[in-house]
Structures are given as C-alpha cells and as structure tokens.
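Last residue of the sequence shown: 146 in my numbering, with the numbers rising by one and none dropped.
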Amino acid sequence: MTDEALIAAAREASHHSYSPYSNFAVGAALRFADGSVVTGTNIENASYGLALCAETVAVSKAMADGKRGGLEAVAVTGPGDEPITPCGRCRQVLNELAQLGGTDPVILCVGPGEIRRFKLSDLLPQAFGPASLS
Ligand code: THU
13 MTDEALIAAA REASHHSYSP YSNFAVGAAL RFADGSVVTG TNIENASYGL ALCAETVAVS
73 KAMADGKRGG LEAVAVTGPG DEPITPCGRC RQVLNELAQL GGTDPVILCV GPGEIRRFKL
133 SDLLPQAFGP ASLS
C-alpha cells in the first residue's frame with residue numbers, strides 16, 4: 013500500500029471517532045511488512061481522562077490480532093490546519109510494537125497542506141522498551 017493509501021485509511025478511520033468532548037477526530041493507520049494495514053481512531057469517555065488515542069487503539073487492535081512486530085509505517089490524521097504528532101503515551105505504545113520486530117517505523121503526520129515525516133526513534137529517542145528488560 014502506498015503512503016497516500018495509508019493516509020486515506022487513517023482519514024477513513026477518523027470518521028468513526030468517538031470524540032464528543034474534544035470534537036477532535038484523529039485517525040491512525042499502521043502498515044506492516046506483510047502488507048496488512050490496521051486502523052484506529054480516538055475513543056473518548058465521559059470521564060475525560062480515560063480517552064484513548066487513535067494510535068493506541070490501532071496498536072491494541074493489531075496486537076489483539078496477533079501482530080508482534082513488522083511495523084513499517086504509521087499515518088496520523090487530525091482535524092486541524094497543522095499536522096499532529098503522536099502524543100507521548102502513543103509514542104511509547106508504538107515503540108513497544110516496533111521494537112518487538114526491530115523496526116523503526118516512519119510516522120506520517122498529515123495536515124491539509126503538508127505531510128511531516130519522522131522516524132519513531134526521532135520522536136522517542138533513547139526509548140525504554142522490551143529490550144531494556146533483558
Ligand atoms: N489524540 C489522539 O487520538 N492522538 C494523539 O496523538 C493526540 C491526541 C486525541 C485524544 C483526544 O481524544 C483528542 O485527540 C484531543 O486531545
């Protein structure tokens with residue numbers, strides 16, 4: 013799948029966002045080495061602090077389906093004028109899945125007029141992960 017199609021998948025996922033409190037619909041799409049794609053969107057809660065970010069939902073779906081690595085690319089879309097980058101917690105959650113397969117995925121942060129590309133290791137340098145426990 014191309015980066016453009018991955019971005020379209022993230023946007024499509026954001027249409028299912030449950031974000032009545034922030035009105036900030038985020039979409040995420042994960043691309044794996046085997047070509048598969050898993051999407052997620054943010055799910056909020058009346059207890060505001062319990063919101064789940066789109067990236068965390070996508071990683072949870074993927075791991076619940078048995079994925080343990082092979083993460084090559086992540087697209088993140090938001091509703092604003094600027095690209096959004098994954099929050100700190102999501103960086104750590106993405107790092108867990110990436111480190112399991114020894115990849116350093118590209119993170120495509122997508123705005124209306126711009127795509128910013130980062131490596132996960134640039135967003136989360138010196139990460140603590142599964143390898144740190146061995
Ligand atoms: N959000 C995400 O889904 N991903 C991020 O990386 C940043 C924030 C969500 C959480 C909340 O539902 C809304 O955006 C506003 O913060």
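Positions of the beta carbon are idealized from the N, C-alpha and C atoms, including for glycine.
- Query: Which residue from 98, 116, 139 and 93 puts its Cα closest to that of residue 125?
  - Reply: 93
- Task: Using only alpha-carbon positions, find the residue among 131, 132 and 107 that is nearest to residue 144.
- Result: 107
- What are the uninterrupted segments assigned as alpha helix (DSSP H) that are 4 or more residues long and contained completely in the segment 15-86, given in chain order? 15-26 and 66-76
- Compare the beta carbon distance of residue 89 and residue 22 with 8 angstroms and say whether it is the shorter of the two. The answer is yes: Cβ separation under 8 angstroms.
- Can residue 91 be considered in contact with ligand 1, in the sense that its beta carbon sits closer than 7 angstroms to one or more heavy atoms? No - ligand 1 has no heavy atom lying nearer than 7 angstroms to the Cβ of residue 91.
- Message: Taking the straight line between their C-alpha atoms, what separation do you get for residue 81 and residue 34?
- Response: 32 angstroms
- Task: Go ahead and pull the three-state DSSP assignment for residue 102.
- Result: helix
- Give me whichever residues DSSP pairs with residue 127 in a beta bridge. 122
- Query: Alpha carbon to alpha carbon, how far is residue 134 from residue 128?
  - Reply: 12 angstroms
- Message: So, under 8 angstroms CB-CB, residue 91 and residue 37 are touching, yes? Tell me the CB distance rounded to an integer number of Å.
- Response: 5 angstroms
- Item | Cβ shell of residue 30 (< 7 angstroms), same chain only, five flanking positions each side left out | Same-chain partners within the cutoff: 55 and 56.
- Thinking residue 45 and residue 16 are a contact (beta carbons under 8 angstroms), I'd like their distance in whole angstroms, please. Residue 45 to residue 16, Cβ: 19 angstroms. No contact.
- Compare the beta carbon distance of residue 148 and residue 70 with 8 angstroms and say whether it is the shorter of the two. Since the first residue shown for the chain is 13 and the last is 146, residue 148 is missing from the structure and cannot be characterised.
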